[in-house]
Amino acid sequence: MITVAKTTELALQAASRIVSSGGLISVLVYIGHLGERDELDVVESFASSLPMKTWMSCKFEMMNRPFEMMNRPMVPVLIILHKK
């Protein structure tokens with residue numbers, strides 16, 4: 001499945017409205033094909049704009065890639081949103 005920035009943004013907006021307190025939203029963005037960098041930018045922008053009083057957002061990405069992946073900077077990024 002290949003997603004695009006606009007539909008991911010709409011999905012995040014919808015999910016953030018319906019998730020209960022204590023709930024999680026997770027997004028795994030694969031940055032290996034056309035348009036995925038735009039999608040990551042949208043997800044990061046959305047996550048960082050959530051109010052700290054009611055949300056916690058975390059970003060997880062690989063830091064110590066194996067040598068054979070060093071020329072491939074585009075590895076999956078996991079974004080977790082927790083509604084307090």
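Start counting the sequence shown at 1; every next residue gets the next number (full-length UniProt numbering). Heads up, the beta-carbon is just placed ideally off N, CA and C, and yes, glycines get one too.
According to DSSP, is residue i part of a helix, a strand, or is it coil?
i	result
serine 16	helix
leucine 28	strand
valine 77	strand
Can you check which of these residues, the options, is closest to residue i by C-alpha distance?
i	options	result
valine 43	Lys84, Leu78, Lys83 and His82	Leu78
histidine 82	Leu40, Ser26, Glu61 and Gly32	Ser26
glutamine 1	Glu36, Leu12 and Gly23	Here residue 1 is methionine; the residue named in the question, glutamine, does not match the sequence. Out of Glu36, Leu12 and Gly23, Glu36 has the C-alpha closest to the C-alpha of methionine 1.
valine 19	Trp55, Thr7, Phe46 and Glu39	Trp55
leucine 10	Val75, Glu39, Glu61 and Lys53	Glu39
Whole angstroms are fine: how far does the CA of residue j sit from the CA of residue i?
i	j	result
serine 16	asparagine 64	32 Å
serine 57	glycine 32	23 Å
isoleucine 80	leucine 28	9 Å
tyrosine 30	lysine 59	13 Å
serine 48	leucine 34	24 Å
threonine 7	valine 75	21 Å
Which word fits residue i, buried or exposed, when buried means at least 16 other C-beta atoms lie within 10 angstroms of its C-beta?
i	result
valine 4	exposed
leucine 12	buried
Name, in chain order, the residues that DSSP records as bridge partners for residue i.
i	result
methionine 56	His82
glutamate 39	For glutamate 39, which the question treats as bridged, DSSP gives no partner whatsoever.
The ligand ZN and residue i: does the residue's C-beta get closer than 7 Å to at least one heavy atom of that ligand?
i	result
phenylalanine 60	The model depicted lacks the ligand ZN and carries no ligand whatsoever.
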